[in-house]
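Structure record follows, encoded as structure tokens.
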Amino acid sequence: MNRRPSQLRRLALVVLSVLVLGGGSLGYVLHARHRGLPTATVDGSFSLAEPGLYYRDSATGQVARRSGTGGPPATGGPACERFYATGERALCLRKLPGIPARTQALVLDRRLREIKRVTVPGIPNRARVSASGNVLSWTAFATGDSYATTAFSTRTSILDLRTGYLIKSMEEIPLTIDGTRYHASDVNYWGVTFARDDNRFYATVSTKGRTHLVEGNLRDWSAKALRENVECPSLSPDDTRIAFKKKVSDDPAAPWRLYVLDLADMREHPLAETRSVDDQAAWLDDKTVGYALPGRDGRAADTWSTPADGTSEPRLLIPGGSSPAAVS
320 MNRRPSQLRR LALVVLSVLV LGGGSLGYVL HARHRGLPTA TVDGSFSLAE PGLYYRDSAT
380 GQVARRSGTG GPPATGGPAC ERFYATGERA LCLRKLPGIP ARTQALVLDR RLREIKRVTV
440 PGIPNRARVS ASGNVLSWTA FATGDSYATT AFSTRTSILD LRTGYLIKSM EEIPLTIDGT
500 RYHASDVNYW GVTFARDDNR FYATVSTKGR THLVEGNLRD WSAKALRENV ECPSLSPDDT
560 RIAFKKKVSD DPAAPWRLYV LDLADMREHP LAETRSVDDQ AAWLDDKTVG YALPGRDGRA
620 ADTWSTPADG TSEPRLLIPG GSSPAAVS
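In terms of the numbering used here, the sequence shown opens at residue 320 and continues consecutively.
This is the structure we're talking about:
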């Protein structure tokens with residue numbers, strides 16, 4: 320039976336998609352474009368166009384914004400469990416109903432319109448977008464729901480919008496520890512943060528009961544461990560320092576403290592925040608980091624800020640807010 324050229328092209332695309340999707344968990348090319356989808360916000364006028372501090376409102380579950388001019392917050396953003404944004408892109412993580420747990424990662428443009436949607440197993444946990452908005456990462460708890468226990472595992476994904484290439488799980492990235500190629504069945508990644516070149520990144524890897532800060536390279540698809548006891552790294556806007564949480568106690572109720580690491584000399588110093596912070600801190604500017612703590616007065620979370628040099632006391636920034644992201 321003869322087929323027209325258009326039919327043959329469609330058949331070839333189907334065959335190619337099957338081959339690509341069957342290529343394993345390392346990654347695949349996303350062909351869906353989701354064109355013409357409506358805005359992910361409740362109020363279509365809410366967008367990233369206005370500079371300010373964006374955050375998740377614990378009372379509504381929606382993203383809101385505080386501007387530097389004061390006044391009441393702007394509301395009407397998308398509903399998310401975790402949120403992060405730069406000037407060009409936003410990442411909204413939602414927990415889907417049902418069992419087993421699934422996370423829906425929504426990639427949004429500057430007007431908070433959906434441009435891509437990816438569903439992965441697990442509970443929403445961490446979200447990051449590179450400064451350009453081209454590269455995004457998210458972490459979901461595959462099992463468990465707390466880093467304070469050993470009974471958890473995570474799945475961390477990286478999406479490159481320039482190519483549409485998605486790494487559904489980072490666990491197969493070639494890893495070097497102490498100068499030697501490392502292999503282990505318990506390797507676990509979380510908390511990615513990107514450099515401004517959209518190639519270099521940092522993340523946490525755990526194995527054999529230890530956590531390591533790793534530096535990764537997207538072009539070479541490789542990672543090397545730099546030092547131990549670094550979790551949830553967050554790279555400063557000038558690419559020179561990393562804010563992170565460090566385990567300082569075996570008390571499961573208060574195991575961590577926030578630190579900043581200088582990448583030039585690998586020296587670290589504690590921040591003035593002495594409470595245990597289980598969050599991936601966000602740089603609000605070159606001198607200040609923001610983070611969430613369990614809320615007061617029954618709120619799910621509050622956002623606090625503290626100077627990155629370790630001076631001055633923390634201050635309450637957003638009562639009832641989490642997932643802070645400064646957009647200029």
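Backbone N, C-alpha and C define an ideal beta-carbon position, used for all residues, glycine too.
No experiment lies behind these values; they were computed from the predicted model shown.
Legend entry - Integer-rounded CB distance, given that TRP623 should sit under 8 Å from ARG615: Counting from one through the sequence shown, the residue named residue 615 turns up at place 296. Counting from one through the sequence shown, the residue named residue 623 turns up at place 304. With a Cβ gap of about 11 Å, ARG615 and TRP623 do not count as contacting.
Legend entry - Residue nearest to ALA601 in terms of C-alpha spacing, selected from ASP362, TYR373 and THR360: Counting from one through the sequence shown, the residue named residue 601 turns up at place 282. ALA601 has its Cα closest to that of TYR373, out of ASP362, TYR373 and THR360.
Inset, instruction - Could you please give the first and the last residue of the uninterrupted beta strand (DSSP E) stretch that includes SER472? - result: Mapped onto the sequence shown, residue 472 falls at position 153. First-last of the beta strand (DSSP E) with SER472: 472 to 479.
Legend entry - Residues sharing a beta bridge with ASP604, DSSP: For the purposes of this step, residue 604 is identified with residue 285 of the sequence shown, where counting begins at 1. For ASP604, which the question treats as bridged, DSSP gives the partners THR607.
Inset, instruction - Compute the distance between the beta-carbons of PRO440 and GLU400, then report whether it is under 7 Å. - result: Mapped onto the sequence shown, residue 440 falls at position 121. Mapped onto the sequence shown, residue 400 falls at position 81. The answer is no: Cβ separation not under 7 Å.
Inset, instruction - In angstroms with no decimal places, state the Cα-to-Cα distance between ASP648 and ILE418. - result: Since the first and last residues shown for the chain are 320 and 647, residue 648 lies out of range.
Legend entry - Boundaries (first-last residue) of the beta strand (DSSP E) holding TRP509: Position 190 of the sequence shown, counting from 1, holds the residue named residue 509. Counting along the chain, the beta strand (DSSP E) containing TRP509 begins and ends at 507 to 513.
Inset, instruction - Could you give the DSSP three-state label for GLU547: helix, strand or coil? - result: Position 228 of the sequence shown, counted from the start, is the residue given in the question as residue 547. Strand at GLU547.
Inset, instruction - Would you kindly check if the distance between the Cβ of ILE477 and the Cβ of SER456 is under 7 Å? - result: For the purposes of this step, residue 456 is identified with residue 137 of the sequence shown, where counting begins at 1. For the purposes of this step, residue 477 is identified with residue 158 of the sequence shown, where counting begins at 1. In contact: SER456 and ILE477 (Cβ atoms closer than 7 Å).
Inset, instruction - Take every Cβ of the segment 374 to 393, pair it with every Cβ of the segment 447 to 455, and state whether three or more of those distances are shorter than 8 Å. - result: no
Legend entry - Residue from ARG515, GLU592 and LEU545 whose Cα sits closest to the Cα of LEU554: Taking the first residue of the sequence shown as 1, we reach residue 554 at position 235. Nearest C-alpha to LEU554: ARG515.
Inset, instruction - With DSSP collapsed to three states, give me the class of GLU490. - result: The residue you call residue 490 lines up with position 171 of the sequence shown. Helix.
Inset, instruction - Return the CA-CA distance between LYS543 and THR625, expressed in angstroms with no decimal places. - result: Residue 543 sits at position 224 when you count from the first residue of the sequence shown. Residue 625 sits at position 306 when you count from the first residue of the sequence shown. Their Cα atoms are separated by approximately 30 Å.
Legend entry - Proximal residues to THR630 (C-beta, below 8 Å), its chain only, five neighbours per side dropped: As a position in the sequence shown, residue 630 is number 311, starting the count at 1. Excluding residues within five positions, the ones whose Cβ falls inside 8 Å are ALA591.
Inset, instruction - Pair every Cβ in the segment 569 to 578 with every Cβ in the segment 517 to 537, then say whether three or more of these pairs are closer than 8 Å. - result: no
Inset, instruction - Taking only the alpha-carbon atoms, compute the straight-line gap between THR593 and ASP605 and give it to the nearest angstrom. - result: To locate residue 593, count along the sequence shown from 1; it is residue 274. To locate residue 605, count along the sequence shown from 1; it is residue 286. Cα to Cα, THR593 sits roughly 21 Å from ASP605.
Inset, instruction - Return the CA-CA distance between GLU550 and VAL524, expressed in angstroms with no decimal places. - result: Numbered from its first residue, the sequence shown carries residue 550 at position 231. Numbered from its first residue, the sequence shown carries residue 524 at position 205. Going by the C-alpha atoms only, they are around 8 Å apart.
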